[in-house]
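Engineer:
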Amino acid sequence: LLPAFSVPIFGPRVRVRNIGAMNIVLTLASFALLQKVVSQSSICTTCCLWDGVQGSLRKNLTNSNSQLSYAVGLWMNDLDAGHVSTAVASILIEEVFGYHTI
Numbered sequence: 700l701l702p703a704f705s706v707p708i709f710g711p712r713v714r715v716r717n718i719g720a721m722n723i724v725l726t727l728a729s730f731a732l733l734q735k736v737v738s739q740s741s742i743c744t745t746c747c748l749w750d751g752v753q754g755s756l757r758k759n760l761t762n763s764n765s766q767l768s769y770a771v772g773l774w775m776n777d778l779d780a781g782h783v784s785t786a787v788a789s790i791l792i793e794e795v796f797g798y799h800t801i
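In the working numbering, each residue carries its 1-based index in the sequence shown increased by 699.
So this is what it looks like as structure tokens:
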């Protein structure tokens with residue numbers, strides 16, 4: 700039996716135990732196919748969420764009177780929970796709703 704090795708896939712590491720050469724070939728072919736599908740699709744590879752809105756597709760809020768556009772502003776207090784909740788809110792606003800945040 701060959702030793703197990705780790706393969707990085709989108710951040711987490713997957714443990715693979717090889718039983719033979721055929722398993723190695725199928726594993727490499729699967730990763731090559733997955734990489735090709737991801738690179739040709741509109742999946743955001745830099746987002747925290749799998750189906751997040753890509754940075755280039757995000758938009759600003761627009762004032763209907765003056766036609767000025769601006770990002771969603773978030774206020775963060777100085778507590779640890781404030782940093783975490785602001786980061787979560789920023790991710791949700793950007794990747795789920797598709798708006799820029801500052």
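For glycine and all other residues, C-beta sits at the position ideal for the given N, C-alpha and C.
For clarity, every value in this text was computed on a predicted model and none was experimentally measured.
(1) According to DSSP, simplified to helix, strand and coil, what is T785?
(2) Give every residue of the same chain whose Cβ lies closer than 7 Å to the Cβ of E794, excluding the five residues on either side of it in the sequence, and list them in chain order.
(3) With a CB to CB cut of under 7 Å and the five nearest residues on each side skipped, what residues in its chain are close to T785?
(4) By DSSP, does S768 sit in helix, in strand, or in coil?
(5) Using a Cβ-Cβ cutoff of less than 6 Å, which residues in the same chain neighbour C743 once the five nearest sequence positions on both sides are dropped?
(6) Measure the Cβ-Cβ separation of Y798 and I792 and say whether it is below 8 Å.
Structural biologist: According to the structure shown:
(1) Position 86 of the sequence shown, counted from the start, is the residue given in the question as residue 785. Reduced to three states, the DSSP call for T785 is helix.
(2) The count along the sequence shown starts at 1 and reaches residue 794 at position 95. If we look at E794 and ignore the five residues flanking it on each side, its Cβ neighbours are C746, C747, L748, G751, V752.
(3) Along the sequence shown, one-based indexing puts residue 785 at 86. For T785, where only same-chain residues beyond five positions count, the Cβ hits under 7 Å are L773, M775.
(4) Residue numbering aside, residue 768 sits at position 69 when the sequence shown is read from its first letter. Three-state result, S768: strand.
(5) Counting from one through the sequence shown, the residue named residue 743 turns up at place 44. The beta carbon of C743 sits closer than 6 Å to the beta carbons of G751, Q753 from its chain, once the five residues preceding and following it are set aside; these are given in chain order.
(6) Translated into positions along the sequence shown, residue 798 becomes position 99. Translated into positions along the sequence shown, residue 792 becomes position 93. If you check the CB distance, Y798 and I792 come in under 8 Å.
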